[in-house]
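Following the working numbering, the numbering of the sequence shown begins with 32 at its first residue and continues without gaps. The beta carbon of each residue, even a glycine, is placed where N, CA and C say it ideally should be. This one's a predicted model, so the numbers in the text were calculated from it and none came from an experiment. Working notes, beginning with the structure itself.
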Amino acid sequence: MAYGVRALSAGYLSRVVGVLRASRGHRRMRRSIAGRLVGRLTGRPSGRAAFGFLSAMMRRDWQFRRAMAQSLVTLFLYIPIIVRSLRGPSPFVGAAPSAIGLAPEILSLVTFMACMVLAYSDHFRASWIFLLAPRDGIRAFVRGIYWSLWLPFAAVPLLLTFPAFAWRWGLADAALFTVYGLAVTAFLLAPQLFVIEGLPFGCPPKADRTHMMLPMILFGPVVLLIGWVLQWHFLFHSRALTALAALLFACGAVLVARQALLMLEWRAHRSLARLAGGPAGMFETTEA
Numbered sequence: 032m033a034y035g036v037r038a039l040s041a042g043y044l045s046r047v048v049g050v051l052r053a054s055r056g057h058r059r060m061r062r063s064i065a066g067r068l069v070g071r072l073t074g075r076p077s078g079r080a081a082f083g084f085l086s087a088m089m090r091r092d093w094q095f096r097r098a099m100a101q102s103l104v105t106l107f108l109y110i111p112i113i114v115r116s117l118r119g120p121s122p123f124v125g126a127a128p129s130a131i132g133l134a135p136e137i138l139s140l141v142t143f144m145a146c147m148v149l150a151y152s153d154h155f156r157a158s159w160i161f162l163l164a165p166r167d168g169i170r171a172f173v174r175g176i177y178w179s180l181w182l183p184f185a186a187v188p189l190l191l192t193f194p195a196f197a198w199r200w201g202l203a204d205a206a207l208f209t210v211y212g213l214a215v216t217a218f219l220l221a222p223q224l225f226v227i228e229g230l231p232f233g234c235p236p237k238a239d240r241t242h243m244m245l246p247m248i249l250f251g252p253v254v255l256l257i258g259w260v261l262q263w264h265f266l267f268h269s270r271a272l273t274a275l276a277a278l279l280f281a282c283g284a285v286l287v288a289r290q291a292l293l294m295l296e297w298r299a300h301r302s303l304a305r306l307a308g309g310p311a312g313m314f315e316t317t318e319a
């Protein structure tokens, strides 16, 4: 009995230390500017909770980090494009074709990979924690997922390059390209939400999800090339057309994201119902 009590107390103390460390990290996250921004965009505390939860799990979940490490190959394309574009003139002056138009599409490949693996984790059994959250906050939580993916993987890289582009191209052209890039990445992220199959980090890993990388590897460069050609020939020769295209992309992002978020909200409710049903609700039966 003495050895048993000692073992249980040691395990309890280790859990207490883990909880204290997690609480300190939570206080740091509470002070984050991005978390407050997502809370204002969603209008509910659950939206800010989605940003905090996803930010912490993206850094700690091994399955997500392993999958996102594969998308780091895009940095070998993104960084040289930025460096080369800084050496040349603005893409809106009608000079030789510039590869800077590929930057928003390359960032969208990263968000696509994140959406593919967001629902899967080795710690999926801990998804019961979602049952403690109020059901009326699911809509804001789902919206927080969108902003939690768009801000770090698309908006931040474009905003970080804005000062360098403003110094090289001028403030007007740099602002136009940044706004255009933000609108394109927001528009391309909206349909990617359809591939999220449930609550984030709430499903067991699936080996067959890795096979979805093959079409992206085969046809991704072709799509990027087509998008670059269309942008160069029909948009970047005119600042007015580029601004109009940015407005259309932003409106399209709102329309498509509204439908995608409704689908994701329905999947979240289905996942919660399955969790609330216990072990019997985790299995689906079919009748002949």
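Could you tell me which of the options sits nearest to residue i, measuring between CA atoms?
{"i": "L72", "options": "A277, L190, I113 and R170", "result": "R170"}
{"i": "L207", "options": "F143, L275 and R156", "result": "L275"}
{"i": "I110", "options": "P135, S158 and V226", "result": "P135"}
{"i": "H300", "options": "E228, L286, W259 and P235", "result": "E228"}
{"i": "A304", "options": "S158, S86 and D153", "result": "S158"}
{"i": "L108", "options": "A98, R90 and L138", "result": "L138"}
{"i": "I112", "options": "Y177, R156, R75 and T192", "result": "T192"}
{"i": "Q94", "options": "L272, V124, A87 and V148", "result": "V148"}
{"i": "A281", "options": "W259, L162, L255 and G212", "result": "G212"}
{"i": "Q262", "options": "L133, M99, F155 and R199", "result": "L133"}
{"i": "G233", "options": "W200, F84 and S63", "result": "F84"}
{"i": "A271", "options": "R79, V210, V260 and A98", "result": "V210"}
{"i": "G119", "options": "A277, S302, W200 and V260", "result": "W200"}
Tell me whether residue i is buried or exposed, calling it buried when 16 or more other Cβ atoms sit within 10 Å of its Cβ.
{"i": "Q290", "result": "exposed"}
{"i": "S269", "result": "exposed"}
{"i": "P188", "result": "buried"}
{"i": "R90", "result": "exposed"}
{"i": "L266", "result": "buried"}
{"i": "L140", "result": "buried"}
{"i": "Q101", "result": "exposed"}
{"i": "I160", "result": "exposed"}
{"i": "T115", "result": "Checking the displayed sequence, the identity of residue 115 turns out to be Arg instead of Thr. So R115 ends up on the exposed side."}
{"i": "P235", "result": "exposed"}
{"i": "D204", "result": "buried"}
{"i": "W198", "result": "exposed"}
{"i": "V104", "result": "exposed"}
{"i": "R174", "result": "buried"}
{"i": "P165", "result": "exposed"}
{"i": "V254", "result": "exposed"}
To which residues of the same chain is residue i closer than 6 Å at the C-beta, ignoring the five residues directly before and after it?
{"i": "S77", "result": "G168, A171 and F172"}
{"i": "R298", "result": "G229"}
{"i": "L224", "result": "A291 and L295"}
{"i": "F143", "result": "Q223"}
{"i": "L180", "result": "T142 and A145"}
{"i": "W178", "result": "V69 and L72"}
{"i": "M88", "result": "F232"}
{"i": "H57", "result": "Bear in mind that the predicted position of H57 carries a pLDDT of just 45, short of 50, making it unreliable; the figure below should be weighed with that in mind. Cβ neighbours of H57 beyond the five flanking positions: none."}
{"i": "P122", "result": "S129, I131 and F267"}
Sorry if obvious, but does the Cβ on residue i come closer than 7 Å to a heavy atom of the ligand ZN?
{"i": "S269", "result": "Among the components modelled here there is no ligand, and therefore nothing to report on the ligand ZN."}
Got a sec? Which residues, its chain only, sit under 7 Å from residue i by beta carbon, not counting five neighbours each side?
{"i": "A195", "result": "L117"}
{"i": "A65", "result": "F82 and L182"}
{"i": "A307", "result": "L162"}
{"i": "R59", "result": "Confidence at R59 is low in this model, with a pLDDT of 48, below 50, so its placement is unreliable and no value can be given for it."}
{"i": "F184", "result": "L138, V141, T142 and A145"}
Whose C-beta lies closer than 8 Å to the C-beta of residue i among residues of the same chain, with five residues either side of it excluded?
{"i": "A284", "result": "A214, A217, F218, L220 and A221"}
{"i": "K237", "result": "Y151"}
For residue i, which of helix, strand or coil comes out of DSSP?
{"i": "H57", "result": "Summary for H57: the model assigns pLDDT 45, below 50, so the residue's position carries little reliability, and this model does not support an answer."}
In chain order, which continuous runs of the alpha helix (DSSP H) of length 4 or greater are located wholly inside the region 159-247?
Restricted to the region 159-247, the alpha helix (DSSP H) segments that are unbroken, complete and at least 4 residues in length are 169-181, 187-200 and 202-223, listed in chain order.
Taking the runs of the alpha helix (DSSP H) that are 4 residues or longer, which of them lie wholly in the region 87-135?
Counting whole runs of 4 or more residues, the region 87-135 contains the alpha helix (DSSP H) stretches 93-101 and 106-118.
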